[in-house]
């Protein structure tokens, strides 16, 4: 049997884990938190790594660390190697019917409203000990997805873009798949004057609205982005980061709201709301799931993605 290669004799798994954490987070503090080590221990490991690679690896740049070219070249191969090694030494086989695993899904309230009812039944039937926590996306950061603080993000591609992430950039470490597409429709109360005159393009742009916005850093939404590109303007008297409250506003006022079809379907269980087609050709809303690419072949994440697909499929078929 051949001996350990000379270039590995001065390294161990803990050093490689430290290197990957420092390169990913560009922060000794965050790396220490992730590894449950003191900052002094991480700094000491980094010193040994610099000696091994004969390279500074990271350079202080304001409040963060900047990767050297050597470190940039190491980042992706190192992540893939550690993931592969984790699978090699993994002793527990994920069995959903027995697992007490907890998952975290980030999704807007309207998306959670579609997925949670069928998911509750699927979990009861197939994974009774697993729990799933749904979290709103207003405080989501790229760090959360990269560090596995969340398991799956569900939403339109614009949400991923608002985090500065992209499926097209391998360095961003994001995987994704399309789940479903739905159209936008308008909601008004059954006393709205537009029901007499018709919701024309001119009326839509002239009358006041209650609208959805993503977050403070991204004040617009899917439809706002389209209208801005078309140089169209509407007056938003009210704005909310929770799209599910907009039907309540429509029922209590003469504001027009534009919502996905699924939100409108839930809202019109009330008898005082009317669905109208949007007179402006707003592109349909695409909903995707996103995850950390380094974990996309892990058995628990593969299972979670699959049960999410099934949950949406069951609900959408019933609509």
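In this note's numbering, the protein residues as written are 2 to 320.
C-beta: ideal position from N, C-alpha, C; glycine also.
Note that the structure is a prediction, hence the values are computed from the model and not measured.
In this structure, how does DSSP classify residue 165 when only helix, strand and coil are distinguished? coil
Answer yes or no: the CB of residue 21 versus the heavy atoms of the ligand SAH, is any distance below 6 Å? Looking for the ligand SAH in the displayed structure turns up nothing, as the structure carries no ligands at all.
What is the rounded straight-line gap between the Cα of residue 137 and the Cα of residue 150? 14 Å
For residue 315, I'd like the list of residues in its chain whose CB is within less than 7 Å of its CB, leaving aside the five on either flank, ordered along the chain. Take residue 315, set aside five residues on each side of it, and the residues of its chain with a beta-carbon closer than 7 Å to its own are 119, in chain order.
Residue 179 in three-state terms, based on DSSP: strand
Residue from 157, 99, 188 with nearest C-alpha to residue 270: 188
Quick check: the Cα distance between residue 79 and residue 135, rounded to an integer number of angstroms? Rounded to the nearest angstrom, the gap between the Cα atoms of residue 79 and residue 135 is 31 Å.
Where residue 33 falls, given that 16 or more other Cβ within 10 Å makes a residue buried: buried
Does the region 184-200 come close enough to the region 243-256 to have 3 or more Cβ pairs within less than 8 Å? yes
Excluding sequence positions up to five away, which residues of its chain have a Cβ less than 8 Å from the Cβ of residue 129? 98
What's the C-alpha gap between residue 265 and residue 58? The straight-line gap from Cα to Cα measures roughly 53 Å.
For residue 181, which option in 166, 300, 24, 290 has the closest C-alpha, if you only look at C-alpha atoms? 290
With three or more beta-carbon pairs closer than 8 Å as the criterion, would you say the region 231-250 touches the region 154-169? no
On the DSSP bridge list, what partners appear for residue 134? Assignment of beta-bridge partners to residue 134 by DSSP yields 105.
Below 8 Å on the Cβ atoms is my guess for residue 210 versus residue 255; work out the distance and round it to an integer in Å. Incorrect: roughly 10 Å between the Cβ atoms, too far for contact.
For residue 76 and residue 115, the rounded distance between their alpha carbons: 38 Å
Would residue 259 and residue 183 qualify as a contact pair, given that the criterion is a beta-carbon distance under 7 Å? Note that the C-beta distance between residue 259 and residue 183 is not below 7 Å.
Where does residue 287 fall in DSSP's three states? strand
What is the residue span of the alpha helix (DSSP H) that residue 54 lies within? 40-54
Taking 7 Å as the cut-off, decide whether the C-beta atoms of residue 296 and residue 175 are in contact. Not in contact: residue 296 and residue 175 (Cβ atoms no closer than 7 Å).
Does the distance from the CB of residue 191 to the CB of residue 212 come in under 7 Å? Taking 7 Å as the Cβ cut-off, residue 191 and residue 212 do not qualify as a contacting pair.
Three-state secondary structure (DSSP) of residue 303: helix
Any C-beta of chain C sitting closer than 7 Å to the C-beta of residue 212? Any reference to chain C falls outside this structure, which holds one protein chain only.
Alpha-carbon spacing of residue 122 relative to residue 311, whole angstroms: Between the C-alpha atoms of residue 122 and residue 311 there is a straight-line separation of about 11 Å.
So for residue 29, helix, strand or coil by DSSP? helix
Classify residue 197 as helix, strand or coil using the three-state DSSP reduction. helix
Does the distance from the CB of residue 202 to the CB of residue 280 come in under 7 Å? yes
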